[in-house]
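**Q** Pasting in a structure now, in structure tokens, and then I'll have a few things to ask.
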Amino acid sequence: MDEQTNVKVKILRYNPEKDKKPFWQPYEVKIEPDATILDILNEIRWKLDGTLAFRRSCRSAICGSCAMKVNGRNILACETPMHRFKGRGLKIEPLPGFRIIKDLVVDLDSFFEKMNRVRPYLLLDKPIPDKEFIQSPEEFEEIREVCICILCGACTSSCPSVWSNEEYLGPAALLKAYRFIFDSRDDAADERIDIVNDKNGIWRCHTIFNCMEACPKHIKITEYLSRLKVKAVENSI
Ligand code: FES
0 MDEQTNVKVK ILRYNPEKDK KPFWQPYEVK IEPDATILDI LNEIRWKLDG
50 TLAFRRSCRS AICGSCAMKV NGRNILACET PMHRFKGRGL KIEPLPGFRI
100 IKDLVVDLDS FFEKMNRVRP YLLLDKPIPD KEFIQSPEEF EEIREVCICI
150 LCGACTSSCP SVWSNEEYLG PAALLKAYRF IFDSRDDAAD ERIDIVNDKN
200 GIWRCHTIFN CMEACPKHIK ITEYLSRLKV KAVENSI
């Protein structure tokens, strides 16, 4: 086992039931140098301070529940080693742009409500086939990358257009709309385009690229949203 090292961590704490406003709480943690941010949070919660609240589940960058902001960047705590921050102290905050429920746990209701607005499931005019839908490799390639979104909220939380207008659908919901509009099996592209071609839809994306930088799956979100804009214009004429 590698020799343990001391890490200085500041965590933005907030319990709305007793704190007037969020405050930075410092901790010092002794841990292996290859520890992840989630390992550090677990160490704090299990050994130093059982009141610290954060979400985690899969520990494998799949469930999307451990997204948070560390040293100014939205990341997944379970997949991010602390050495990515190169010996600097760590400042850990909840995802920006969402109401804090407690400490690093934010209220994602608005995020999933926007996701629901684009109707994130296949809508069909044709009868459901007896067996599976046939989709060619080329057709699947159109949506392959966007299908790996894990709904962590890191992109939407990093978007200044979302910060300035909470009604804006945001990158994750728009990406989900793309996923079905360009799915060869779906029959509701026009309906979905009407939803995204709205004053709070795709045109609020100003190609800032924060979403792409924040995405832990490296999805080229801005590129897909640009294709969505082209599709919306084509449909209008
Ligand atoms: S714990 Fe599931 S993505 Fe991090």
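Heads up, the sequence shown is in numbering that gives the first Met the number 0, so the first residue is 0 and it goes up one at a time.
Glycine included, each C-beta is placed from N, C-alpha and C at the ideal position.
Suppose you measure from the CA of residue 194 to the CA of residue 118; what does that come to, to the nearest Å?
**A** When rounded, the distance between both Cα atoms is 9 angstroms.
**Q** Helix, strand or coil for residue 72 per DSSP?
**A** Correct three-state label for residue 72: strand.
**Q** Count the other CB atoms within 10 Å of the CB of residue 175; is the residue buried (16 or more) or exposed (fewer)?
**A** Counting Cβ neighbours within 10 Å, residue 175 comes out buried, since at least 16 surround it.
**Q** How about residue 31: is its Cβ closer than 8 angstroms to a heavy atom in the ligand FES?
**A** For the ligand FES, not one heavy atom lies less than 8 angstroms from the Cβ of residue 31.
**Q** Which residue wins for smallest C-alpha separation from residue 24, given the options 9, 35, 18 and 37?
**A** Closest option to residue 24, Cα to Cα, is 9.
**Q** Out of 101, 198 and 132, which has the shortest C-alpha to C-alpha gap to residue 11?
**A** Of 101, 198 and 132, the residue nearest in Cα terms is 101.
**Q** Between which two residues does the beta strand (DSSP E) carrying residue 90 extend?
**A** Here the beta strand (DSSP E) through residue 90 covers 89 to 92.
**Q** Tell me which residue opens and which closes the alpha helix (DSSP H) that residue 12 is part of.
**A** No alpha helix (DSSP H) holds residue 12; the beta strand (DSSP E) holding it covers 4 to 12.
**Q** Following a CB-centred definition, is residue 52 positioned closer than 8 angstroms to any heavy atom of the ligand FES?
**A** Checking every heavy atom of the ligand FES against the Cβ of residue 52, none is found closer than 8 angstroms.
**Q** Beta-carbon distances below 7 angstroms to any heavy atom of the ligand FES define the shell here; list its residues in chain order, please.
**A** So the residues near the ligand FES by this Cβ test are 37, 55, 56, 57, 58, 59, 60, 61, 62, 63, 64, 65, 75, 76, 77, 78, 149 and 151.
**Q** If I'm right that residue 167 touches residue 199 with Cβ under 8 angstroms, what's the distance once you round it to whole angstroms?
**A** Contact holds; Cβ gap of about 5 angstroms.
**Q** For residue 109 and residue 184, what's the separation of their Cα atoms in angstroms?
**A** Cα to Cα, the separation comes out at about 28 angstroms.
**Q** For the candidate residues 72, 77 and 105, whose alpha-carbon lies nearest to that of residue 90?
**A** Comparing Cα-Cα distances from residue 90 to each of 72, 77 and 105, the minimum goes to 72.
**Q** Please name the residue, chosen from 228, 70 and 3, that lies closest to residue 197 on a Cα-to-Cα basis.
**A** Looking at the Cα atoms, 228 is the closest of the given residues.
**Q** Inspect the CB distances between the segment 142 to 158 and the segment 205 to 217 and report whether three or more fall short of 8 angstroms.
**A** The segment 142 to 158, when compared against the segment 205 to 217, does touch it at the 8 angstroms Cβ threshold.
**Q** Just to confirm my understanding: we take residue 172, look at its own chain, exclude 5 residues before and 5 after, and list those with CB closer than 7 angstroms. What are they?
**A** For residue 172, where only same-chain residues beyond five positions count, the Cβ hits under 7 angstroms are 113, 114, 116 and 117.
**Q** DSSP state of residue 27, grouped into three classes?
**A** Residue 27 falls in the strand class under three-state DSSP.
**Q** For residue 6, is the classification buried or exposed, using 16 other Cβ atoms within 10 angstroms of its Cβ as the cut-off for buried?
**A** Buried, since its Cβ has 16 or more Cβ neighbours within 10 Å.
**Q** Based on DSSP bridge pairs, tell me the residues matched to residue 126.
**A** BP columns for residue 126 are empty, so no partner.
**Q** Could you check what DSSP says for residue 35 in three-state terms: helix, strand or coil?
**A** Looking at residue 35 - three-state DSSP - the assignment turns out to be strand.
**Q** Would you tell me roughly how many angstroms separate the C-alpha atoms of residue 223 and residue 165, rounded to the nearest one?
**A** About 21 angstroms.
**Q** I'd like to know if the segment 120 to 140 and the segment 71 to 85 are in contact, where contact means that at least 3 CB-CB pairs between them fall below 8 angstroms.
**A** At 8 angstroms Cβ cutoff, the stretches do not touch.
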